[in-house]
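Here the sequence shown stands for residues 0 to 468, where the numbers follow numbering that gives the first Met the number 0. Beta carbons: idealized from backbone N, C-alpha and C, even for Gly. Note that the coordinates shown come from a computational prediction; the quantities given were computed from them, not determined experimentally. Worksheet: one structure, shown below.
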Amino acid sequence: MTVRIYDSRQQAVVDLQPLQPGRVSMYVCGPTVQSSPHIGHVRSAVAYDVWRRWLEHRGLRVAFVRNVTDIDDKVLVNAVDEPWWALAYRVELEFSAAYRAVGVLAPTYEPRATASVPEMHALIALLIERGHAYPALDGSADVYFDVRSWEAYGALTRQSVEKMEPAADADPRGKRDPRDFALWKAQKDDEPESASWASPWGRGRPGWHIECSAMARRYLGDAFDIHGGGLDLRFPHHENELAQSTAAGLGFASVWSHNGLVNVDGEKMSKSLGNSIFAADLLRAVRPIVARYFLVAPHYRSTIDLRTADGSLEGGSLAEAETAFGRIEAMLDRAARIGALPDEAVPDAFGAAMDDDLSTPQAVAVLHDTARAANIALDAGDDRAALERAGQVLAMLRVLGLDPGDEVWHSGQSAEAGALASLVETLLAERRSAREARDFAASDRIRDALAAAGILVEDGKHTTTWSIA
Ligand SMILES: Nc1ncnc2c1ncn2[C@@H]1O[C@H](COP(=O)(O)OP(=O)(O)OP(=O)(O)O)[C@@H](O)[C@H]1O
Ligand SMILES: [Zn+2]
């Protein structure tokens, strides 16, 4: 048996050949903790959680790293009436709660970018030494990657440098080529001292791309097996990670993997359209286990189009997921009434589908077929066959992280408390925006609504905390 996986660089499904037999090392780009998690972020985490669980099911030991990007332009911009690190941590807690709510296992390591600045310095210094990076030409503390010095630049997305857009960051006067991207960003006059670190090139902070290259290297070594993240990160983020790391002489990732995006009613989620479905919205609309089923059933590389019923989440695709998953649960309940479910292996067809680039649509079809067969056996009074089938269903659900009996769906701490925390944080964020807009009536309404639900809000100098009264 071999697990096969789609490699975005080769644009082909390849055999997964771990660098160390029996072990798999994975790095997945985690969130930039600037605002509340939306369903796309949750989808990405669930996709790689299923990969991890499947590899472990196949007997591989998985080292799974998902980072937290806690320093970035967007974090600084969004931290208006609190320090950037307070915003970053509050949002990080929201992400953790949302991940936990849908049964995503804690990563083996979950590094914050701000804790690996020395490792980023080391990588930048190595790139300068090897002639692939240079301090800004205008004498600022910026350091750039020299795209012209690295012939393979563009290999991941198969683009030639000539056709690429200029990199967004910093002043083009400091660059040799407008496409050169920042490895180190000089502290700007209006930025707080706490958002910059001393470096051989002057005070500043790391660029986003070098953060991931350095964290992957620190936790998984110079070469590792799988690098994952959403399709939106292929360019420039992953292209730049690949260029930096390989130009520094590292092997870096063997396989580049990308999950598909989540759209809403056929449109990309975006702040300007105001159509984002936040994790809190999702968890309010359906049970967390159904939310997970909804995200797991389509192939991880396909786009998920979440259909609403005229803007309401109560109908549309989430309702369909509730019906489909409800059928499985109803069969399990029926079977459990005639006896304990035996421990079964997953059916071969299920295993073959999962081995084939995690083909969950086929695997979930096997799940439903088996559940149907169990129901037929129950109808016929064939208890032995029914229990065996039900046991197989349970084995498949376990691998997918969808076992209804798993404590994650029952302990208040993980599901309900996670959902509650998400909701309160979303309301507090709305209240903050209202106050910024000097709409104190709206801000008081939110506070009163929370108070009526028994939630006490306390405003400190920089942060707002809440507790259940
Ligand atoms: N709509 C989406 N669908 C699926 N995955 C997504 C979506 N948006 C972001 N992701 C993935 O979630 C992970 C964390 O994302 P990150 O914080 O970098 O998001 P982002 O692209 O800045 O999101 P946004 O700008 O929407 O807040 C990444 O792997 C990213 O690719
Ligand atoms: Zn990354």
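For the putative contact between residue i and residue j, defined by C-beta atoms under 8 Å, what is the C-beta separation to the nearest angstrom?
{"i": "V32", "j": "L15", "result": "Between L15 and V32 the Cβ distance is about 31 Å, and since that is not below 8 Å, they are no contact."}
{"i": "L155", "j": "S7", "result": "7 Å"}
{"i": "R178", "j": "P165", "result": "6 Å"}
{"i": "L219", "j": "Y26", "result": "6 Å"}
{"i": "G265", "j": "S43", "result": "That pair is no contact at about 20 Å."}
{"i": "A362", "j": "A373", "result": "The Cβ separation is near 17 Å, so there is no contact."}
{"i": "T425", "j": "S35", "result": "6 Å"}
{"i": "I288", "j": "A194", "result": "Not confirmed; about 40 Å, so no contact."}
{"i": "N239", "j": "F144", "result": "7 Å"}
{"i": "L331", "j": "V263", "result": "With a Cβ gap of about 31 Å, L331 and V263 do not count as contacting."}
{"i": "V49", "j": "L357", "result": "7 Å"}
{"i": "V61", "j": "L54", "result": "5 Å"}
{"i": "N258", "j": "L230", "result": "7 Å"}
{"i": "A329", "j": "V101", "result": "Not really, about 22 Å apart at Cβ, beyond 8 Å."}
{"i": "A185", "j": "G201", "result": "6 Å"}
{"i": "T369", "j": "P346", "result": "6 Å"}
{"i": "M395", "j": "L377", "result": "Not really, about 18 Å apart at Cβ, beyond 8 Å."}
{"i": "W149", "j": "A215", "result": "Not really, about 18 Å apart at Cβ, beyond 8 Å."}
Would you say residue i faces chain B, with C-beta separation under 8 Å as the test?
{"i": "A329", "result": "In summary, chain B is missing from the structure at hand, where a single protein chain is found."}
Where do the N-terminal and C-terminal ends of the alpha helix (DSSP H) with residue i fall, by residue?
{"i": "K73", "result": "72-77"}
{"i": "W53", "result": "38-56"}
{"i": "S24", "result": "Not the alpha helix (DSSP H): S24 falls in the beta strand (DSSP E), residues 22-27."}
{"i": "H367", "result": "359-378"}
{"i": "P287", "result": "287-295"}
{"i": "Y88", "result": "83-100"}
{"i": "L340", "result": "Element bounds for L340: n/a, residue is neither H nor E."}
Could you pull the DSSP bridge partners for residue i from this structure?
{"i": "V423", "result": "In the DSSP output, where bridge partners are listed per residue, V423 has none listed."}
{"i": "Y108", "result": "V64"}
{"i": "I127", "result": "Beta-bridge pairing links I127 to no other residue."}
{"i": "S469", "result": "Outside the modelled stretch of the chain, which goes from 0 to 468, sits residue 469, for which no answer is possible."}
{"i": "R3", "result": "D14, D355"}
{"i": "G229", "result": "N258"}
{"i": "E266", "result": "V263"}
{"i": "Y484", "result": "This structure cannot settle anything about residue 484, because the visible part of the chain is limited to 0 through 468."}
{"i": "F277", "result": "H37"}
{"i": "F223", "result": "A252"}
Name the two residues that bound the continuous beta strand (DSSP E) containing residue i.
{"i": "W255", "result": "251-255"}
{"i": "E328", "result": "Element bounds for E328: not the beta strand (DSSP E) but the alpha helix (DSSP H), 315-335."}
{"i": "V13", "result": "11-14"}
{"i": "T113", "result": "Note, T113: premise wrong, no beta strand (DSSP E); not H, not E."}
{"i": "R217", "result": "Looking at the DSSP string, R217 is not in any beta strand (DSSP E); the run it does join, the alpha helix (DSSP H), is 207-219."}
{"i": "P346", "result": "It is not in any beta strand (DSSP E) - P346 carries neither H nor E in the DSSP assignment."}
{"i": "Y143", "result": "142-144"}
{"i": "A132", "result": "132-134"}
Does residue i come out as helix, strand or coil in the three-state DSSP assignment?
{"i": "K162", "result": "helix"}
{"i": "E387", "result": "helix"}
{"i": "A308", "result": "strand"}
{"i": "E457", "result": "strand"}
{"i": "Y152", "result": "coil"}
{"i": "H237", "result": "helix"}
{"i": "D188", "result": "coil"}
{"i": "R430", "result": "helix"}
{"i": "W183", "result": "strand"}
{"i": "W200", "result": "coil"}
{"i": "S35", "result": "coil"}
{"i": "E118", "result": "helix"}
{"i": "D472", "result": "Any question about residue 472 goes unanswered here, given that the chain covers just 0 to 468."}
{"i": "D382", "result": "helix"}
{"i": "A246", "result": "helix"}
{"i": "S139", "result": "coil"}
{"i": "P171", "result": "helix"}
{"i": "D80", "result": "coil"}
{"i": "L401", "result": "coil"}
{"i": "A450", "result": "helix"}
{"i": "R8", "result": "coil"}
Buried or exposed for residue i, going by 16 or more other Cβ atoms inside 10 Å?
{"i": "E435", "result": "exposed"}
{"i": "H131", "result": "buried"}
{"i": "P20", "result": "exposed"}
{"i": "S139", "result": "buried"}
{"i": "L340", "result": "buried"}
{"i": "V392", "result": "buried"}
{"i": "H409", "result": "exposed"}
{"i": "L136", "result": "exposed"}
{"i": "T322", "result": "exposed"}
{"i": "A105", "result": "exposed"}
{"i": "A11", "result": "exposed"}
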